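Residue numbers (the numbering used here): 292 to 382.
We put the CB at the ideal spot given by N, CA and C, even for glycine.
Model, not experiment: these values are computed from the prediction.
Heads up, the thing below is written out as structure tokens.
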């Protein structure tokens, strides 16, 4: 059975999310002045760590193999963060 989990995000940089294998990332929004990522997960799946990267508008992106998950705004639009999932490097 699937459950929707919420993961608070820091404003920029790299962070890890402890979740479950095959998590389906649904949306990124601001709730109570905090950026959050929602995912549908099966809690019976094995634990998994996902790497999330957040870049502000105009910031250089040097990493490859990213999947865009969403964009959020904080501080009345003064900070716009673009949220990416770091994908595995192909063999």
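Query, Result
"Whether residue 311 touches residue 339 by CB criterion (8 Å)", "yes"
"Alpha helix (DSSP H) runs contained entirely in the region 331 to 382, provided each spans 4 or more residues", "none"
"One or two residues paired with residue 306 in a DSSP bridge", "343"
"Alpha-carbon to alpha-carbon, residue 381 and residue 322", "35 Å"
"Inter-residue spacing [alpha-carbon to alpha-carbon] between residue 325 and residue 351", "23 Å"
"Residue from 317, 336, 292, 361 with nearest C-alpha to residue 371", "361"
"Beta strand (DSSP E) segment containing residue 322, residue limits", "315 to 322"
"C-beta atoms of residue 345 and residue 317 nearer than 8 Å", "no"
"Counted within 10 angstroms of its Cβ, other Cβ atoms place residue 378 as buried (16 or more) or exposed", "exposed"
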